[in-house]
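Presented below is the structure to which this report refers.
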Amino acid sequence: MAQKVPNFKPFIPKESVKMAVQTLKSGWIGGDGPKVKEFEKKISQIINNKNVVALNSGTSALQLALKIIGVHGHQVISTPMTCFATNAAIAAEGADIVWSDVDPQSGNIDPADIERKISKKTKAIMVVHWGGNPAQLDKIAKIAKSYKIPVVEDAAQALGSQFGNKPIGSHSDYVCFSTQSVKIINTVDGGILATKNKRDAKIAKLLRWYGIDRETRHWDKTFWHYPIREAGLKMQMTDVAASIGLGQLPYFTKLLRHRRMIAKIYQKAISKSRILKSQKILKGAEPNYWMFTVLCGSSRNRLKLVKAMAKINVAEDIAE
52 MAQKVPNFKP FIPKESVKMA VQTLKSGWIG GDGPKVKEFE KKISQIINNK NVVALNSGTS
112 ALQLALKIIG VHGHQVISTP MTCFATNAAI AAEGADIVWS DVDPQSGNID PADIERKISK
172 KTKAIMVVHW GGNPAQLDKI AKIAKSYKIP VVEDAAQALG SQFGNKPIGS HSDYVCFSTQ
232 SVKIINTVDG GILATKNKRD AKIAKLLRWY GIDRETRHWD KTFWHYPIRE AGLKMQMTDV
292 AASIGLGQLP YFTKLLRHRR MIAKIYQKAI SKSRILKSQK ILKGAEPNYW MFTVLCGSSR
352 NRLKLVKAMA KINVAEDIAE
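Residue numbers for the sequence shown, in my numbering: 52 to 371.
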């Protein structure tokens with residue numbers, strides 16, 4: 052029997068294994084160590100943003116961004132077309148979710164409906180880049196600016212994507228990436244928070260580890276003291292996890308190029324179909340194609356597609 056082609060498969064090159072072993076032997080395997088700092092620096096170069104904070108998950112990045120904004124008791128406009136984690140983070144921070152409609156051709160949040168849903172209680176706008184395909188950030192930013200509301204990008208799937216000749220991670224107030232096991236770059240599990248201003252990144256570094264300022268310790272000739280001004284959480288990335296990610300980064304450009312090449316093959320094939328359509332890509336957007344979305348037109352056509360894929364041993368991922 053032919054081997055089934057998986058939808059997602061973790062990429063762990065020999066470099067990741069080697070670096071992880073070296074870190075395990077180094078004596079520093081926990082958080083906020085040299086490998087975490089190195090990983091943050093290299094990610095900052097990819098997204099053209101110096102304010103990068105490595106965390107234990109993409110969900111933590113979302114929750115931490117919302118915590119810094121202070122959404123508790125307020126409303127956050129969000130999309131239902133996403134992983135549960137996006138909106139779980141909003142609920143965990145004690146805010147009400149206000150659903151915005153999505154563009155049925157792209158799966159991304161509809162800027163016009165965002166504006167219709169804004170109220171005096173709106174504290175943030177949550178934007179998801181479905182499958183790594185950038186949402187309409189220019190229009191969303193214009194709306195957010197006019198109402199003075201911060202934008203949080205759930206870019207869990209969008210590392211390497213671009214919009215308007217700028218990498219995702221450099222547009223909005225807060226951008227949250229995932230480095231979970233099946234993402235383009237993985238740290239087994241992990242996340243990244245990128246902020247527009249340096250102050251928010253500093254707050255995030257405090258809050259990711261209980262609120263402790265690990266760079267400012269006070270010695271009273273007997274004990275070290277860590278001043279805590281706000282109770283934080285336990286969200287830091289470990290050096291072992293960062294090492295696994297660092298081992299993959301030399302392959303990043305090649306991985307992106309390969310995914311975009313395969314996407315062109317899919318698009319060419321789908322263009323010949325009278326039933327199937329490719330996900331809409333906005334002008335000025337360049338997806339990383341973490342996931343390739345196909346529009347089927349009806350549940351009957353979707354079932355036909357699933358059966359056709361099954362015949363050639365290709366796994367599928369179906370969005371309702």
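Just so you know, even glycine gets a beta-carbon here, dropped at the ideal spot from N, CA and C. Note that the structure is predicted; figures quoted are calculated from it, not measured.
Worksheet entry | Residues sharing a beta bridge with residue 225, DSSP | Translated into positions along the sequence shown, residue 225 becomes position 174. Answer is 203, 246, bridged to residue 225.
Worksheet item: How about residue 261 and residue 234: do their beta carbons lie closer than 8 Å?
Response: Indexing the sequence shown from 1 puts residue 261 at position 210. Indexing the sequence shown from 1 puts residue 234 at position 183. The answer is no: Cβ separation not under 8 Å.
Discussion item. Which complete alpha helix (DSSP H) runs does the region 144 to 199 hold, if anything under 4 residues is left out?
Written reply: 162 to 168, 188 to 198
Worksheet item: What distance in whole Å lies between the Cβ atoms of residue 160 and residue 151, which are believed to be in contact at a cut-off of 8 Å?
Response: Here residue 151 refers to the residue found at position 100 of the sequence shown. Here residue 160 refers to the residue found at position 109 of the sequence shown. Contact flag correct, Cβ pair sits at about 5 Å.
Discussion item. Looking only at its chain, what residues have a beta carbon closer than 8 Å to the beta carbon of residue 371, apart from the 5 residues adjacent to it on each side?
Written reply: To locate residue 371, count along the sequence shown from 1; it is residue 320. Reliability of the predicted coordinates at residue 371 is poor, the pLDDT of 46 falling under 50, and the value obtained from them is presented with this limitation in mind. Excluding residues within five positions, none has a Cβ falling inside 8 Å.
Discussion item. Measuring only the C-alpha atoms, how far is residue 83 from residue 118?
Written reply: As a working note, residue 83 is residue 32 in the sequence shown. As a working note, residue 118 is residue 67 in the sequence shown. Going from the Cα of residue 83 to the Cα of residue 118 covers about 20 Å.
Worksheet entry | Neighbourhood of residue 54 by C-beta distance below 8 Å, restricted to the same chain and skipping five residues each side | On the sequence shown, position 3 is the one that residue 54 refers to. If we look at residue 54 and ignore the five residues flanking it on each side, its Cβ neighbours are 364.
Fill in: For residue 130, the residue or residues it bridges with in DSSP
Against the sequence shown, residue 130 aligns to sequence position 79. Bridge partners of residue 130: none, in fact.
Worksheet item: What separation, rounded to the nearest whole angstrom, lies between the Cα atoms of residue 128 and residue 201?
Response: Residue mapping note: residue 128 aligns to position 77 of the sequence shown, counting from 1. Residue mapping note: residue 201 aligns to position 150 of the sequence shown, counting from 1. In a straight line, the C-alpha of residue 128 is about 11 Å away from that of residue 201.
Worksheet item: Looking at C-alpha atoms only, which residue of 104, 298, 87, 96 is the closest neighbour of residue 256?
Response: On the sequence shown, residue 256 is found 205 positions in, with the first residue counted as 1. Per the Cα distances, 104.
Fill in: Spatial neighbours of residue 356 in its chain, beta-carbon cut-off 8 Å, leaving aside the 5 residues before and after
Numbered from its first residue, the sequence shown carries residue 356 at position 305. Excluding residues within five positions, the ones whose Cβ falls inside 8 Å are 327, 345, 347, 367.
Discussion item. Closer than 7 Å to a non-hydrogen atom of the ligand FMN - does that hold for the CB of residue 212?
Written reply: Looking at this structure, you won't find the ligand FMN or any other ligand, since it has none at all.
Practice prompt. Leaving aside the five residues before and after residue 189 along the sequence, list all residues of the same chain whose C-beta is less than 6 Å from its C-beta, in chain order.
Written response: In the sequence shown, residue 189 corresponds to position 138, counting from 1. Answer for residue 189: no residue qualifies.
Item to complete: State the DSSP-derived secondary structure class of residue 64, mapped to helix, strand or coil.
Response: Within the sequence shown, the letter at position 13 stands for residue 64. DSSP places residue 64 in coil when its eight states are reduced to three.
Discussion item. Can you list, in chain order, the residues of its chain with a C-beta nearer than 7 Å to that of residue 333? Leave out the 5 residues immediately preceding and following it.
Written reply: By one-based count along the sequence shown, residue 333 stands at place 282. Within the same chain, residue 333 has close Cβ partners 185, 187.
Discussion item. So, with DSSP's three-state summary, where would you put residue 282?
Written reply: Along the sequence shown, one-based indexing puts residue 282 at 231. Looking at residue 282 - three-state DSSP - the assignment turns out to be coil, as it is neither helix nor strand.
Item to complete: Just mark residue 308 as buried or exposed, buried being the case when its beta carbon has 16 or more other beta carbons within 10 Å.
Response: Here residue 308 refers to the residue found at position 257 of the sequence shown. The residue is exposed, with fewer than 16 neighbouring Cβ atoms inside 10 Å.
Practice prompt. Pull up the distance between the alpha-carbon of residue 329 and that of residue 301, whole angstroms please.
Written response: Looking up residue 329 in the sequence shown gives position 278. Looking up residue 301 in the sequence shown gives position 250. If you take the alpha carbons of residue 329 and residue 301, they lie about 30 Å apart.
Worksheet item: In three-state terms, what does DSSP make of residue 112?
Response: Counting from 1 along the sequence shown, the entry for residue 112 is found at position 61. Helix, per DSSP.
Worksheet item: Going by Cα to Cα distance, which pick from 359, 198, 194, 277 is closest to residue 264?
Response: Position 213 of the sequence shown, counted from the start, is the residue given in the question as residue 264. The option with the nearest alpha carbon to residue 264 is 277.
Practice prompt. Would you check if the distance between the CB atom of residue 47 and the CB atom of residue 299 is smaller than 8 Å?
Written response: With the chain represented from 52 up to 371, any question about residue 47 goes unanswered, as that position is not in the structure.
Practice prompt. Output the boundary residues of the beta strand (DSSP E) element that contains residue 106.
Written response: Position 55 of the sequence shown holds residue 106. From DSSP, the beta strand (DSSP E) with residue 106 extends over 103 to 106.
Worksheet item: Which of the three DSSP states, helix, strand or coil, is assigned to residue 272?
Response: Within the sequence shown, numbered from 1, the residue matching residue 272 stands at position 221. Three-state result, residue 272: coil.
Discussion item. Is it buried or exposed, residue 295, if we count other Cβ atoms within 10 angstroms and call 16 or more buried?
Written reply: Numbered from 1 along the sequence shown, position 244 holds the residue referred to as residue 295. Residue 295 is buried by the Cβ-count criterion.
Item to complete: Assign residue 373 to one of two classes, buried (16 or more other C-beta atoms within 10 Å of its C-beta) or exposed (fewer than that).
Response: Past the boundaries of the shown model lies residue 373; the chain is included only from 52 to 371, so the question cannot be answered.
Worksheet entry | Residue burial classification, residue 254 (beta-carbon count within 10 angstroms, cutoff 16) | Along the sequence shown, one-based indexing puts residue 254 at 203. Residue 254 comes out buried.
Worksheet item: Got a sec? Which residues, its chain only, sit under 7 Å from residue 245 by beta carbon, not counting five neighbours each side?
Response: On the sequence shown, position 194 is the one that residue 245 refers to. 98, 100, 102, 103, 220, 226, listed in sequence order.
Discussion item. Please state the DSSP three-state secondary structure of residue 371.
Written reply: One-based indexing of the sequence shown puts residue 371 at position 320. Interpretation of residue 371 is limited by its pLDDT of 46, a score under 50 that renders its predicted location unreliable; no figure is taken from the coordinates.
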